[in-house]
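A quick write-up on the structure given underneath.
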Amino acid sequence: MEFSVRIAPALRSLALTIGLGSLAACASSGGANLSTVAPNPDPRVGLRAGLMNAAEAAWNLRVVSKTPPPEQFAGITNSDLAFTGQYAIQGNYNGFQVWDISNPAKPTLKVGFVCPASQSDVSVYKNLLFVSGEGMGGRLDCGKEGVHDSVSASRLRGIRIFDISDITHPKYIANVQTCRGSHTHTVVIDPNDKDNVYVYVSGSAPVRSPSELPGCVAAPPDSNPNSALFRIEVIKVPLAHPEQAAIVSSPRIFSGLAAPPKHGETPEDIAASAKEAADWRAKGGFTAKMGEIEYVLEAEYTKPMLDSVVKARGGRPGGTPTAADSAGVREAIQTMTNAMMAPPPGTVNGVRPGPSQCHDITVYPAIGLAGGACGGYGLLLDIRDVANPKRMDAVSDSNFSYWHSATFNNDGTKLLFSDEWGGGGQPKCRATDKHEWGADAIFTLVDNRMTFQSYYKMSAPQTPFENCVAHNGSLIPIPGRDVMVQAWY
Numbered sequence: 000m001e002f003s004v005r006i007a008p009a010l011r012s013l014a015l016t017i018g019l020g021s022l023a024a025c026a027s028s029g030g031a032n033l034s035t036v037a038p039n040p041d042p043r044v045g046l047r048a049g050l051m052n053a054a055e056a057a058w059n060l061r062v063v064s065k066t067p068p069p070e071q072f073a074g075i076t077n078s079d080l081a082f083t084g085q086y087a088i089q090g091n092y093n094g095f096q097v098w099d100i101s102n103p104a105k106p107t108l109k110v111g112f113v114c115p116a117s118q119s120d121v122s123v124y125k126n127l128l129f130v131s132g133e134g135m136g137g138r139l140d141c142g143k144e145g146v147h148d149s150v151s152a153s154r155l156r157g158i159r160i161f162d163i164s165d166i167t168h169p170k171y172i173a174n175v176q177t178c179r180g181s182h183t184h185t186v187v188i189d190p191n192d193k194d195n196v197y198v199y200v201s202g203s204a205p206v207r208s209p210s211e212l213p214g215c216v217a218a219p220p221d222s223n224p225n226s227a228l229f230r231i232e233v234i235k236v237p238l239a240h241p242e243q244a245a246i247v248s249s250p251r252i253f254s255g256l257a258a259p260p261k262h263g264e265t266p267e268d269i270a271a272s273a274k275e276a277a278d279w280r281a282k283g284g285f286t287a288k289m290g291e292i293e294y295v296l297e298a299e300y301t302k303p304m305l306d307s308v309v310k311a312r313g314g315r316p317g318g319t320p321t322a323a324d325s326a327g328v329r330e331a332i333q334t335m336t337n338a339m340m341a342p343p344p345g346t347v348n349g350v351r352p353g354p355s356q357c358h359d360i361t362v363y364p365a366i367g368l369a370g371g372a373c374g375g376y377g378l379l380l381d382i383r384d385v386a387n388p389k390r391m392d393a394v395s396d397s398n399f400s401y402w403h404s405a406t407f408n409n410d411g412t413k414l415l416f417s418d419e420w421g422g423g424g425q426p427k428c429r430a431t432d433k434h435e436w437g438a439d440a441i442f443t444l445v446d447n448r449m450t451f452q453s454y455y456k457m458s459a460p461q462t463p464f465e466n467c468v469a470h471n472g473s474l475i476p477i478p479g480r481d482v483m484v485q486a487w488y
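Residue numbers (numbering that gives the first Met the number 0): 0 to 488.
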C-alpha cells in the first residue's frame with residue numbers, strides 16, 4: 000500500500016487521519032475501483048501543500064475521516080499512536096490526546112492532556128499508559144513553562160506513567176527518571192511473570208548531569224563501568240503498584256561493536272545544508288558542523304545554554320544574551336560536537352565504537368525475540384529473560400544511515416528494518432537518491448542469525464519541498480502472507 004500527502008516543510012504536524020484499506024473498499028464498492036496497476040500519470044505530482052488542507056492522492060485506499068486537533072496541539076509534532084478498546088491515544092510533543100474511534104467516520108476527542116515533552120511516544124498495557132520524555136523542557140509537573148536551567152530538579156527525562164482506568168480522566172501516578180531520557184520505549188510482557196510488565200527504554204539524548212540525577216555518568220564504559228552510555232534501561236512495573244516502577248537492569252547490548260562504514264551525503268544535500276545554515280546564522284541562530292553537513296539547531300536546545308551563560312555572568316533570568324554570550328555558546332556547541340564525533344581516548348587505529356543506544360526496539364515475547372534498530376546496527380535480542388535481554392546477532396550495512404525501526408513477520412522467520420536517512424525531515428526519495436539509501440532491508444531469521452535478502456523503497460515523485468523517508472511499519476496478520484503497512488513521510 001502507498002499513500003502520499005504533500006506537506007509544507009514548516010507544517011509537518013498532521014491531524015488524526017484514519018484510513019480504511021482495500022478490504023473496506025471491497026465491502027463498500029465490490030472491488031470495482033481496485034487495481035494492481037499504479038495510476039498513470041502519477042496523481043501525487045503537484046499536490047497542494049497545507050497543514051489541514053493538503054491535497055491527497057490515494058491508490059486502493061480511501062480516507063474515511065480527517066479530524067483536526069484541539070488548539071493546544073495544533074501545529075505541534077505528533078509522535079505515535081497506541082490503541083486500547085475503542086480508543087486511539089495520540090502522542091504529541093505537547094502531551095497526548097484520547098480519541099474515541101468507535102465510529103471511524105467521526106472520531107471524537109475524549110481527552111486533550113497537556114503535558115509537554117518530546118517525543119511523548121505512547122504505549123498502553125491494560126489500565127496503564129506510558130509516555131516517553133527526552134527533551135530538556137519536559138517538567139515533572141507537566142507545566143507549560145518548560146525548564147530553563149541546565150540542571151533542574153523540575154526536569155522530566157524518562158517515562159511518565161498514567162492510570163487510565165477512567166480513560167476520560169487520566170491520573171499521573173509515577174515517573175521513572177533515566178540518565179538519557181526516553182526517545183522511545185517498548186512495553187514487554189513476560190509470559191512467566193503475571194505480576195509485572197516491563198518497559199525497554201531507548202534514550203538518545205546526552206547524559207544528564209549527576210547533579211540533576213545522581214548516578215548518571217557520561218564517561219565511556221572503559222573509563223567508568225557505571226557509564227550511562229552503550230546500554231538500554233529495563234523498567235519493572237508492578238501491576239498492583241505501578242507507582243513503584245523502577246529500573247531493574249541496564250543491559251549493555253552494544254558491547255564489542257565497532258562503528259560500521261556509512262555512505263556520504265549527496266552533493267545536493269551538502270549544498271542545501273550550507274545555504275540553510277548560512278541563512279540561520281544570519282538570523283542569529285546556532286548551527287553545528289558534523290562531517291559534510293552543517294546542522295541547524297533549534298532554539299529549544301540552545302536557549303537553555305544561553306540562559307545559563309547569562310545567569311553565570313550575573314544577568315537576570317531570561318535576560319537578553321550579549322554578542323559575547325552568543326559567541327561563547329557557538330564555540331562551546333562546536334567543541335562539544337567535535338568531541339562527540341572524535342574517537343574516544345584510547346581508540347586503536349581510530350576505530351570508533353558502535354552505537355551507544357537504540358532508536359527503537361520491537362519485541363515478540365511469544366518467541367522470545369526482539370529486534371533492535373540501533374543507529375548503525377540492526378540487533379537480534381534474546382528476551383526469554385525479559386529483565387536481562389542479550390544480543391544474539393548484529394548486522395550493519397553501509398547503505399543504511401540510521402537504523403530506525405524493526406518489524407517481525409507473524410511467524411518470526413523474517414525481520415524488516417527501516418532506514419531513517421535524513422532524520423525524517425528531508426526529501427530522500429528523489430531521482431538522484433539511490434534505491435538502497437533510505438529504504439527497508441529485509442532479513443530472514445535462521446538459527447538466531449539474520450541473513451539479508453532484499454531492499455524495498457517506495458517510488459515517489461519527489462521535489463525538495465516534500466518529505467520522504469522510510470518510517471514506522473506495522474504488521475497486518477494475514478494468514479499465509481507477510482503484509483506490512485508503513486508510513487513514508
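Idealized CB from N, CA, C, for every residue including glycine.
Integer-rounded CB distance, given that residue j should sit under 8 angstroms from residue i
{"i": "I160", "j": "S181", "result": "Incorrect: roughly 12 angstroms between the Cβ atoms, too far for contact."}
{"i": "V187", "j": "I382", "result": "7 angstroms"}
{"i": "G472", "j": "L415", "result": "7 angstroms"}
{"i": "V482", "j": "F442", "result": "No, V482 and F442 are not in contact; Cβ-Cβ is about 17 angstroms, not under 8 angstroms."}
{"i": "V101", "j": "Q85", "result": "One point to set straight first is that residue 101 is Ser, not Val, in the sequence displayed. Rounded, the Cβ-Cβ distance is 4 angstroms, consistent with contact."}
{"i": "S226", "j": "V216", "result": "5 angstroms"}
{"i": "R179", "j": "V198", "result": "Their Cβ separation, rounded to whole angstroms, is 15 angstroms, which puts R179 and V198 out of contact at 8 angstroms."}
{"i": "Y92", "j": "P115", "result": "7 angstroms"}
{"i": "R351", "j": "P342", "result": "5 angstroms"}
CB contact flag (residue i, residue j, <9 angstroms)
{"i": "T490", "j": "S417", "result": "No information on residue 490 is available, as it lies outside the stretch 0 to 488 that the chain covers here."}
{"i": "Q333", "j": "K288", "result": "yes"}
{"i": "L296", "j": "G313", "result": "no"}
{"i": "N195", "j": "L238", "result": "yes"}
{"i": "P364", "j": "D189", "result": "yes"}
{"i": "A270", "j": "G375", "result": "no"}
{"i": "F464", "j": "A104", "result": "no"}
{"i": "C373", "j": "I252", "result": "yes"}
{"i": "I246", "j": "T185", "result": "no"}
{"i": "V489", "j": "C141", "result": "Look at the range of the chain in this structure, 0 to 488, and you will see that residue 489 is not part of it."}
{"i": "N398", "j": "H262", "result": "yes"}
{"i": "P250", "j": "V236", "result": "no"}
{"i": "A277", "j": "Y294", "result": "no"}
{"i": "G317", "j": "V309", "result": "yes"}
{"i": "I366", "j": "I231", "result": "no"}
{"i": "I166", "j": "K109", "result": "yes"}
{"i": "G111", "j": "G94", "result": "yes"}
{"i": "F229", "j": "S254", "result": "yes"}
{"i": "M391", "j": "N447", "result": "yes"}
Residue from the options with nearest C-alpha to residue i
{"i": "P209", "options": "I188, I231 and A152", "result": "A152"}
{"i": "K125", "options": "A104, P241, T286 and S355", "result": "P241"}
{"i": "A218", "options": "A37, E419 and S355", "result": "S355"}
{"i": "M489", "options": "R179, A326, Y294 and A53", "result": "As displayed, the chain neither begins before 0 nor continues past 488, which places residue 489 out of reach and without an answer."}
{"i": "L368", "options": "K413, E330, H358 and I477", "result": "K413"}
{"i": "G377", "options": "N52, D99 and Y401", "result": "Y401"}
{"i": "I292", "options": "A281, T265 and R280", "result": "T265"}
{"i": "T319", "options": "R329, A244, D306 and E133", "result": "D306"}
{"i": "D384", "options": "D268, Y455 and S248", "result": "S248"}
{"i": "G411", "options": "G422, K433 and L474", "result": "L474"}
{"i": "A57", "options": "M51, R43 and L50", "result": "R43"}
{"i": "A311", "options": "D324, N223 and Y300", "result": "D324"}
Coarse secondary structure for residue i, derived from DSSP in three states
{"i": "S27", "result": "Because S27 sits at a pLDDT of 43, beneath the cut-off of 50, its placement in the model cannot be relied upon, and the point is left open."}
{"i": "G18", "result": "Confidence in G18 is poor, its pLDDT being 39 and thus under 50, which makes the residue's placement unreliable; the coordinate value appears in the next sentence. Reduced to three states, the DSSP call for G18 is strand."}
{"i": "L127", "result": "strand"}
{"i": "P364", "result": "helix"}
{"i": "S153", "result": "coil"}
{"i": "A298", "result": "helix"}
{"i": "F416", "result": "strand"}
{"i": "I382", "result": "coil"}
{"i": "A104", "result": "coil"}
{"i": "D268", "result": "helix"}
{"i": "D79", "result": "strand"}
{"i": "S307", "result": "helix"}
{"i": "G327", "result": "helix"}
{"i": "S3", "result": "Note on S3: pLDDT 30, under 50, position unreliable in the model; no value is reported."}
{"i": "Q425", "result": "coil"}
So, do the segment 58-70 and the segment 128-148 have three or more beta carbon pairs nearer to each other than 8 angstroms? Segments in contact, no.
At a cut of 8 angstroms, does the segment 434-451 reach the segment 467-476 through at least three beta carbon pairs? yes
Does the segment 113-121 come into contact with the segment 75-83, if we say contact requires no fewer than three beta-carbon pairs (one atom in each stretch) closer than 8 angstroms? yes
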